[in-house]
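Colleague: Just passing along the structure, written as structure tokens.
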Amino acid sequence: MIVRIVRIVRMVIVICMALWISGCTTNQTAQMGKGAASYGLADNKGQIMVLKDKPQRIVSLGIAMDEILVDLVPAQRIAALTYLADDGKISNITAQAKKIPRRATADAEAIIKLQPDLVLVPDWQPVELIQILRDTGIPVYLYKAPKTVREIRDVIAEIAGVVGEAQAGAQIIAEMETKLAAIRAKVSQIPGGRQPVVVRFSTMGVTGGKDSLFDDICRHAGVQNGAALAGLPTNGQLSKEQIVKVNPDVFLIPVADRSGRNADMRQFKADLLADQALQAVTAIQQRRLVTVPDAYMYCSSQYIVNGVYAIAAAAYPQYFGQ
Numbered sequence: 001m002i003v004r005i006v007r008i009v010r011m012v013i014v015i016c017m018a019l020w021i022s023g024c025t026t027n028q029t030a031q032m033g034k035g036a037a038s039y040g041l042a043d044n045k046g047q048i049m050v051l052k053d054k055p056q057r058i059v060s061l062g063i064a065m066d067e068i069l070v071d072l073v074p075a076q077r078i079a080a081l082t083y084l085a086d087d088g089k090i091s092n093i094t095a096q097a098k099k100i101p102r103r104a105t106a107d108a109e110a111i112i113k114l115q116p117d118l119v120l121v122p123d124w125q126p127v128e129l130i131q132i133l134r135d136t137g138i139p140v141y142l143y144k145a146p147k148t149v150r151e152i153r154d155v156i157a158e159i160a161g162v163v164g165e166a167q168a169g170a171q172i173i174a175e176m177e178t179k180l181a182a183i184r185a186k187v188s189q190i191p192g193g194r195q196p197v198v199v200r201f202s203t204m205g206v207t208g209g210k211d212s213l214f215d216d217i218c219r220h221a222g223v224q225n226g227a228a229l230a231g232l233p234t235n236g237q238l239s240k241e242q243i244v245k246v247n248p249d250v251f252l253i254p255v256a257d258r259s260g261r262n263a264d265m266r267q268f269k270a271d272l273l274a275d276q277a278l279q280a281v282t283a284i285q286q287r288r289l290v291t292v293p294d295a296y297m298y299c300s301s302q303y304i305v306n307g308v309y310a311i312a313a314a315a316y317p318q319y320f321g322q
């Protein structure tokens, strides 16, 4: 009975999201006064873009969009992804990316040669690049790079409308919501009391301060972000003194070194355990140093739910079969 109810709820979510996404696109089309075969949309900066039909040669200029796009449209409708799609240290779609041979960079001339009928650009890309592409007549859609789980959901819905795939977008969002609900259900079993404190290490130190994407992941996982507790801003690093003060219960350790120094991560973990300045920290005393892939921690696509799950499982192994 419970399984049936979950399926019904999921179906309702899919239908509602599909109607919402379609409605947004339809409203924008009506405002443009175009024919049924075309639709107009306003991007993150209010720039109006008109597409005559569903785009068939889409170029992505962001790894998060790579991950969203391969689940939204068939591979044959994607002209190019970014080179990061092939990097297993940061990409969740290395297998899917093999079906799409071309890679794009922030090089206007190279992008033009791909003859795209739509370029999806995150708002951190150079303004000059966007203008050059638009000057050639290429439809460019600028989207806000998401910084929360909610914003990720909104971007998926937004782009689903842009590429004319409301149903696929609704399905992706419904799957995200189902997984997040399952995590909440497990976390809700935990007796009242202090939520565990976690910090995320890179080889450069503890990052992921207040109002960062990592901070939002922690909220969904039912844990406290030690960096935010210490007052660390979105961009910054905790000192060892601050780490000791917040006394984390769990250290999250990356799988690989992304700094370019190719540090030995087993040695990195061993050095943390042996660090005399950290011996009073609960995570060190209980040896709770958990390895989590960077592809889960740093992505801003639907795969963020894997990061939420990984952190919840690290903090509450008794409820997640660890």
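For the sequence shown, the numbering used here assigns the number 1 to the initial residue and increments by one for each residue that follows. The beta-carbon is built from N, C-alpha and C at its ideal position, and this holds for glycine as well.
1) Please classify Asp53 as buried or exposed, where buried requires at least 16 neighbouring CB atoms within 10 angstroms.
2) Could you give the first and the last residue of the continuous beta strand (DSSP E) run that contains Val73?
3) Between Asp215 and the rest of its own chain, which residues show a CB-CB distance below 6 Å, the 5 nearest in sequence each way excluded?
4) Report buried or exposed for Gly23, applying the criterion of at least 16 other Cβ atoms within 10 angstroms of its Cβ.
5) Give the DSSP bridge partners of Val50, in chain order.
6) Whose C-beta lies closer than 7 Å to the C-beta of Ala106 among residues of the same chain, with five residues either side of it excluded?
7) Can you confirm whether the stretch 192-210 touches the stretch 247-260 when touching is taken to mean that 3 or more C-beta pairs between the two stretches lie within less than 8 Å?
8) Among Arg266, Tyr141 and Gln131, which one has its Cα closest to the Cα of Gly46?
9) Rounded to a whole number of angstroms, what is the C-alpha to C-alpha distance between Glu67 and Ile311?
10) When you compare only the Cα positions, how much space is there between Pro74 and Val223?
11) Quick one: complete beta strand (DSSP E) runs, 3+ long, within the stretch 182-238?
12) Do you know offhand how far Gly169's Cα is from Ile138's?
13) If you draw a straight line from the C-alpha of Pro293 to the C-alpha of Ile48, how long is it?
14) Can we say the stretch 178-191 touches the stretch 266-283, given the rule of at least three CB pairs closer than 8 Å?
15) List the endpoints of the continuous beta strand (DSSP E) containing Leu129.
16) Which residue marks the beginning of the alpha helix (DSSP H) containing Pro317, and which one marks its end?
17) Report the CB separation of Ala80 from Val50 in whole angstroms; it is logged as a contact under 8 Å.
18) Can you list, in chain order, the residues of its chain whose CB lies under 8 Å from that of Ala256, leaving out five sequence neighbours each side?
19) Is DSSP giving Thr82 helix, strand or coil here?
20) Taking the DSSP output, what are the residues bridged to Ile58?
21) Within a Cβ cutoff of 7 Å, which residues of the same chain sit near Arg153, ignoring the five residues on either side of it in sequence?
Modeller: With the structure as the only source:
1) exposed
2) Neither: Val73 is in no beta strand (DSSP E) and is coded neither H nor E.
3) Asn225 and Ala228
4) Bear in mind that a pLDDT of 49 at Gly23, under 50, signals an unreliable position, so the model cannot answer this.
5) Gly40
6) Leu61, Gln125, Pro126 and Leu129
7) yes
8) Tyr141
9) 21 Å
10) 37 Å
11) 197-202 and 205-207
12) 24 Å
13) 38 Å
14) no
15) Looking at the DSSP string, Leu129 is not in any beta strand (DSSP E); the run it does join, the alpha helix (DSSP H), is Val127 to Asp135.
16) Pro317 to Phe320
17) About 22 Å separates the two Cβ atoms, so there is no contact after all.
18) Lys89, Met265 and Asp294
19) strand
20) Ile78 and Leu118
21) Ile173 and Met176
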